[in-house]
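Peer 1: Quick note: the sequence shown uses the numbering used here, first residue 1, plus one each step.
For glycine and all other residues, C-beta sits at the position ideal for the given N, C-alpha and C.
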Amino acid sequence: MSGALLSRCRRRGRHAEKGRHFPVSCVPACMKQLLTLVTVLTFALPLAAQTTSAPTTAAPVAAISPKQRQAAEELLQMMKMEENMNKSIDQMVSMQVQQRPDMKQVEPELRTFMTKHMSWATLKDDMVQLYAAEFTEKDLRNLTAFYKSPTGQKLLDKQPELMRATMQMGQQRLQQNIPELQQLIEKKMQTQDTKQ
């Protein structure tokens, strides 16, 4: 996807000087698409990491007891994982369509694809396994007790809002500093031109 993004930027214009193929004038448009990609990956990579099987050369995983598995399921339920994952899918699809209106026509297919591969129903068993492998039964029970508390519930309720605000801050910070990126690219291109 990033290769296609770079190609698209290259097609938007070329500098007259020899060897300069990345138009600095294209950086804001490319950055907007890059931000979308980064945002999607921000959500997608942690979920993908949870579903990636361990390499065959890794040490054997300790057996997980039924009680530990049950404790992990209870924790994930208390963390409202199903609701949060469904919201994340909605946000990712909406963001893609908002950033790239040409994707509106394939929105149903995009939503179906995301639901098929990133929904709670698809990832639940792997996530239960992940949490059960990382935490002892006691840890899982303690975490569940925290999320049952008023403070834990408040954290869960505020988390999506905090994540959105954090993403907006990051995007604004990047947008504000695009001139710095343009200067870095310009300097790099000039250095490459000098070498050729």
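Return the residue from the list Ser-149, Met-81 and Asp-102 that minimises the CA-CA distance to Ala-121.
Peer 2: Met-81
Peer 1: Does DSSP put Thr-177 in a helix, in a strand, or in coil?
Peer 2: As written in the sequence, residue 177 is Asn, which differs from the Thr given in the question. Coil.
Peer 1: Can you say whether Ser-88 is buried or exposed, counting buried as having 16 or more other CB atoms within 10 angstroms of its CB?
Peer 2: So Ser-88 ends up on the buried side.
Peer 1: Output needed for Leu-76: all residues of its chain with C-beta closer than 7 Å, excluding positions within five of it in sequence on either side, in chain order.
Peer 2: Met-127, Val-128 and Tyr-131
Peer 1: Since I believe Ala-71 is in contact with Leu-140 (beta carbons under 8 Å), could you give me their beta-carbon distance rounded to a whole number of angstroms?
Peer 2: About 4 Å separates the beta carbons of Leu-140 and Ala-71, which is inside the 8 Å limit, making them a contact pair.
Peer 1: With respect to the alpha helix (DSSP H) encompassing Val-106, which residues constitute its N-terminal and C-terminal limits?
Peer 2: Note, Val-106: premise wrong, no alpha helix (DSSP H); not H, not E.
Peer 1: Do Thr-136 and Glu-74 have their CB atoms nearer than 9 Å?
Peer 2: no
Peer 1: Can you grab the Cα-Cα spacing for the pair Arg-173 / Lys-67, in whole Å?
Peer 2: 46 Å
Peer 1: With burial defined as no fewer than 16 other Cβ atoms inside 10 Å of the residue's Cβ, what is the status of Met-169: buried or exposed?
Peer 2: exposed
Peer 1: Are Gln-91 and Arg-164 touching if we call contact CB-CB under 9 Å?
Peer 2: yes
Peer 1: Return the CA-CA distance between Asn-84 and Ser-94, expressed in angstroms with no decimal places.
Peer 2: In a straight line, the C-alpha of Asn-84 is about 15 Å away from that of Ser-94.
Peer 1: What are the start and end residues of the alpha helix (DSSP H) that includes Ile-89?
Peer 2: Its alpha helix (DSSP H) spans residues 81 to 99.
Peer 1: For a test of the three-state rule: what should DSSP assign to Thr-57, helix, strand or coil?
Peer 2: With a pLDDT of only 48 at Thr-57, under the threshold of 50, the placement of this residue in the model should not be trusted; the figure read from the coordinates follows. The answer is coil: DSSP assigns Thr-57 none of H, G, I, E or B.
Peer 1: Work out the CA separation of Ser-65 and Gln-171 for me, nearest whole Å.
Peer 2: 43 Å
Peer 1: In its own chain, which residues sit with a C-beta less than 6 Å from the C-beta of Leu-41, not counting the 5 before and 5 after it?
Peer 2: Reliability of the predicted coordinates at Leu-41 is poor, the pLDDT of 48 falling under 50, and the value obtained from them is presented with this limitation in mind. No residues qualify anywhere along the chain.
Peer 1: How would you label Leu-206, buried or exposed, when you count the other beta carbons within 10 angstroms and need 16 or more for buried?
Peer 2: The chain is shown from 1 up to 196; residue 206 falls before or after that span and cannot be answered.
Peer 1: Got a sec? Which residues, its chain only, sit under 8 Å from Gln-176 by beta carbon, not counting five neighbours each side?
Peer 2: none
Peer 1: Along the alpha helix (DSSP H) that carries Thr-144, what are the first and last residues, could you check?
Peer 2: It spans 137 to 148 - the alpha helix (DSSP H) in which Thr-144 sits, taken as one unbroken run.
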